[in-house]
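Numbering (this note's numbering), first residue to last: 17 to 299.
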């Protein structure tokens, strides 16, 4: 987002240390009081006050905000409640230093009991947070929705790559355990039903991988906008595949699969939210 819409000063102050790994960031888009799968619903209040913006409202599922290294947020909201502009021109995007007075990271949000530390996902409150307009605005007022869409497209393919990695790791765990445990006189791996489950996992992983590679090739060839249909397809296919593969692997591993002794429960907790994050399946 900073590379796409930031000015020279914003890039020097925030993008450079981010690329160098000296700081972390958070994306402040989703809100608890509206259906945030429709980005036009985003409505945290940004009020002009002279040369400043004043922000009031709440964000949640702000990934990375719990990390003590998080120094900057990218916030989507409405300036003066949209001022009656067309629906997709009401949102603006701001760069927000996370140490600004009035910002409070209320708590970490857990996913099936996991807090994903140190990265984490947070509920964040903004109480009369005052920022200089010239320092904080990305691009122009009303450009926030388009900037968000430009970020979400490539972000979805990243989620799908992660989903494939999660599925691969789950299958590796299950196959290893199936070759070390015996049931009914032979290794679990040698039972026909288990062989079928493993084969189905492999087929689904490879099918999802092929579609992700196809989407990536289209992005390279015709750009994100041109590849939007393939990006939408993989955003449905890859997370759903990961959940199904991990669930099968849990079943192969039995009680250990749902315990904390293996990584499968944690992998499922990572994979399942991907069917919601950056746009749910139905969207």
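The beta-carbon is built from N, C-alpha and C at its ideal position, and this holds for glycine as well.
None of these values were measured; they are calculated from a predicted model.
Inset, instruction - Output yes or no for whether 7 angstroms exceeds the beta carbon distance between residue 94 and residue 106. - result: If you number the chain shown from 1, residue 94 lands on position 78. If you number the chain shown from 1, residue 106 lands on position 90. Contact: yes.
Legend entry - Beta-bridge partners of residue 127, as assigned by DSSP: As a first step, residue 127 must be located in the chain shown, where it is residue number 111. Answer is 130.
Legend entry - The beta strand (DSSP E) enclosing residue 113, as first and last residue numbers: Position 97 of the chain shown, counting from 1, holds the residue named residue 113. Element bounds for residue 113: 107-113.
Legend entry - Cβ pair count under 8 angstroms reaching 3, the region 177-191 against the region 221-239: yes
Legend entry - Residues bridged to residue 231 (per DSSP): Position 215 of the chain shown, counted from the start, is the residue given in the question as residue 231. In DSSP, residue 231 forms no bridge with anything.
Inset, instruction - Tell me, please, whether the region 59-77 touches the region 128-144 by the rule of three or more beta-carbon pairs shorter than 8 angstroms. - result: yes
Inset, instruction - Sort 243, 266, 165 by Cα distance to residue 43 and report the nearest one. - result: The count along the chain shown starts at 1 and reaches residue 43 at position 27. It is 165.
Legend entry - Under the three-state DSSP convention, the category residue 200 falls into: Position 184 of the chain shown holds residue 200. Residue 200: coil per DSSP, three-state reduction.
Inset, instruction - Measure the alpha-carbon distance for residue 89 versus residue 298 and round it to whole angstroms. - result: Indexing the chain shown from 1 puts residue 89 at position 73. Indexing the chain shown from 1 puts residue 298 at position 282. Each residue's alpha carbon lies about 28 angstroms from the other.
Inset, instruction - Give me the Cα-Cα distance between residue 30 and residue 155, rounded to the nearest whole angstrom. - result: The sequence position of residue 30 within the chain shown is 14, counting from 1. The sequence position of residue 155 within the chain shown is 139, counting from 1. Answer to the nearest angstrom: the Cα atoms are 15 angstroms apart.
Legend entry - Cβ-Cβ distance between residue 137 and residue 79 below 7 angstroms: Position 121 of the chain shown, counted from the first residue, corresponds to residue 137. Position 63 of the chain shown, counted from the first residue, corresponds to residue 79. Cβ atoms of residue 137 and residue 79: closer than 7 angstroms.
Legend entry - Run of the alpha helix (DSSP H) containing residue 245, from where it starts to where it stops: In the chain shown, the residue the question calls residue 245 occupies position 229. Its alpha helix (DSSP H) spans residues 244-269.
Inset, instruction - Please name the residue, chosen from 286, 198, 264, that lies closest to residue 131 on a Cα-to-Cα basis. - result: In the chain shown, the residue the question calls residue 131 occupies position 115. Among 286, 198, 264, the Cα nearest to that of residue 131 belongs to 286.
Legend entry - Nonlocal neighbours in the same chain, by C-beta distance under 8 angstroms from residue 34, ignoring five residues either side: As a working mapping, residue 34 is identified with position 18 in the chain shown. Contacts found: 18, 40, 41, 88.
Inset, instruction - Return the first residue and the last residue of the beta strand (DSSP E) that residue 137 is part of. - result: Indexing the chain shown from 1 puts residue 137 at position 121. Run containing residue 137: 137-148, per the beta strand (DSSP E) assignment.
Legend entry - Same chain, Cβ closer than 7 angstroms to residue 77, five either side skipped, listed in chain order: Here residue 77 refers to the residue found at position 61 of the chain shown. Around residue 77: 46, 125, 137.
Legend entry - Host beta strand (DSSP E) of residue 91 (start-end): The residue given as residue 91 occupies position 75 in the chain shown. Looking at the DSSP string, the run of the beta strand (DSSP E) that includes residue 91 is 86-95.
Legend entry - Boundaries of the beta strand (DSSP E) in which residue 75 is found, first to last residue: Position 59 of the chain shown, counted from the first residue, corresponds to residue 75. 68-79 is the extent of the beta strand (DSSP E) around residue 75.
Inset, instruction - Hey, could you find the ends of the beta strand (DSSP E) residue 61 is sitting in? - result: Your numbering for residue 61 matches position 45 in the chain shown. Residues 61-65.
Legend entry - Contact under 7 angstroms by Cβ, residue 6 with residue 112: This structure cannot settle anything about residue 6, because the visible part of the chain is limited to 17 through 299.
Inset, instruction - Taking residue 232 as the reference, give the member of 220, 247, 218 with the closest Cα. - result: Here residue 232 is taken as the residue at index 216 of the chain shown, counted from 1. Checking every option, the nearest Cα to that of residue 232 belongs to 247.
Legend entry - Alpha-carbon to alpha-carbon, residue 64 and residue 259: Counting from one through the chain shown, the residue named residue 259 turns up at place 243. Counting from one through the chain shown, the residue named residue 64 turns up at place 48. Whole-angstrom Cα-Cα distance: 45 angstroms.
Legend entry - Exposure label - residue 122; buried when at least 16 CB within 10 Å: Position 106 of the chain shown, counting from 1, holds the residue named residue 122. The residue in question, residue 122, is exposed, as its Cβ has fewer than 16 Cβ neighbours within 10 Å.
Inset, instruction - For residue 168, write down the residues that DSSP places opposite it in a beta bridge. - result: Here residue 168 refers to the residue found at position 152 of the chain shown. According to DSSP, which records beta bridges pairwise, residue 168 is partnered with nothing at all.
Inset, instruction - Return the CA-CA distance between residue 296 and residue 57, expressed in angstroms with no decimal places. - result: By 1-based counting over the chain shown, the position of residue 296 is 280. By 1-based counting over the chain shown, the position of residue 57 is 41. So the two alpha carbons sit approximately 15 angstroms from each other.
Inset, instruction - Verify whether the separation of the beta carbon atoms of residue 167 and residue 251 is less than 7 angstroms. - result: Mapped onto the chain shown, residue 167 falls at position 151. Mapped onto the chain shown, residue 251 falls at position 235. Going by C-beta atoms, residue 167 is not nearer than 7 angstroms to residue 251.
Legend entry - Local conformation of residue 288 per DSSP, three classes: Numbered from 1 along the chain shown, position 272 holds the residue referred to as residue 288. Note: residue 288 maps to helix in three-state DSSP.
Legend entry - Which listed residue (147, 159, 115, 83) has its alpha carbon closest to that of residue 134: Here residue 134 refers to the residue found at position 118 of the chain shown. Closest option to residue 134, Cα to Cα, is 83.
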